[in-house]
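Contents: one structure, followed by commentary.
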Amino acid sequence: MRSNKCSFAQKQIDFLGHVIEEGRIKMDQQKIQAITEWPPPKDIHALRSFLGLCNFYRRFVKSYSLIAVPLTELLKKATPWDWGPKRAKAFDALKMAMSSSPVLALPDLAKPFEVRRADLASMCVLAALKGSEVTTTVKDQIQDLLIKDPAAQYLVDLVGQGKTRQVYTEDGFLK
């Protein structure tokens, strides 16, 4: 480890395109500027590039998928390129949403909180954690999930430490 590449006891760090400070995660200002200055795409390649950058930060924008629908429709092979007012409006709305300086807060692990997951694999993980009967198939699903989804591993850690009050799934909730 090189000392010139290390920093300790920092109030703010830049990490993988994010700025982390005081329990909050923000988007990198240079990336926000790149998004806001992006010209309207003239072809599908330019649209893919723009959406790729925006997708990296999609969790910062509420209803991102709904805002981007008119743009993602153009990515379908059967859809001819047609950049009309509807798509221009969606493009501008996405740029505006990205530039509104959204911030995510980190959870306070000292307090109980709720975890909301709506997929079958997370229910398998929860079944295993709650001591339910777990079949070989379910064990395989859990293992696959933990390899593919770091968020699932985080969920397992939180539930295993008793940090959550309730875990919601699409079939209800587990206490």
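Using the numbering used here, read the sequence shown as starting at 30 and increasing by one per residue. Quick reminder that beta carbons are idealized off the backbone N, C-alpha and C, glycines included.
Non-local C-beta neighbours of Val-98 in its own chain, meaning closer than 8 Å and more than five positions away in sequence, comprise Ala-119, ordered along the chain.
Per DSSP, the beta-bridge partners of Glu-50 are Gln-41, Arg-53. Taking C-beta atoms under 8 Å as the contact rule, Leu-76 and Leu-100 qualify, at a distance of about 6 Å. Looking at Ala-117, Lys-105, Ala-107, Trp-110, the one whose alpha-carbon comes closest to that of Ile-96 is Ala-117. The C-beta separation of Asp-57 from Asp-72 comes to about 27 Å, leaving the pair out of contact by the 8 Å criterion. Burial check for Cys-83: the Cβ neighbour count within 10 Å reaches 16 or more, so the residue is buried. Between Leu-123 and Arg-53, the C-beta spacing is not below 8 Å. Here the C-alpha atom of Thr-108 lies approximately 16 Å from the C-alpha atom of Pro-70. If you ignore the 5 residues before and after Lys-40, its C-beta comes within less than 8 Å of the C-beta of Glu-50, Glu-51, all in its own chain and listed in chain order. Here the C-alpha atom of Pro-68 lies approximately 15 Å from the C-alpha atom of Pro-114. Contact between Thr-65 and Ser-128 holds: CB atoms are separated by about 5 Å, below the 8 Å threshold.
Sequence-distant partners of Lys-55 (beyond 5 residues in either direction) whose C-beta falls short of 6 Å from its own C-beta, in its chain, are Val-48, Val-132. For Ala-134, the pairing in a beta bridge is given by DSSP as Arg-53.
Shortest Cα-Cα distance from Leu-103 to any of Arg-31, Asn-33, Leu-80, Lys-34 involves Leu-80. For Ser-36, the three-state secondary structure derived from DSSP is coil.
If you ignore the 5 residues before and after Leu-135, its C-beta comes within less than 6 Å of the C-beta of Gly-52, all in its own chain and listed in chain order.
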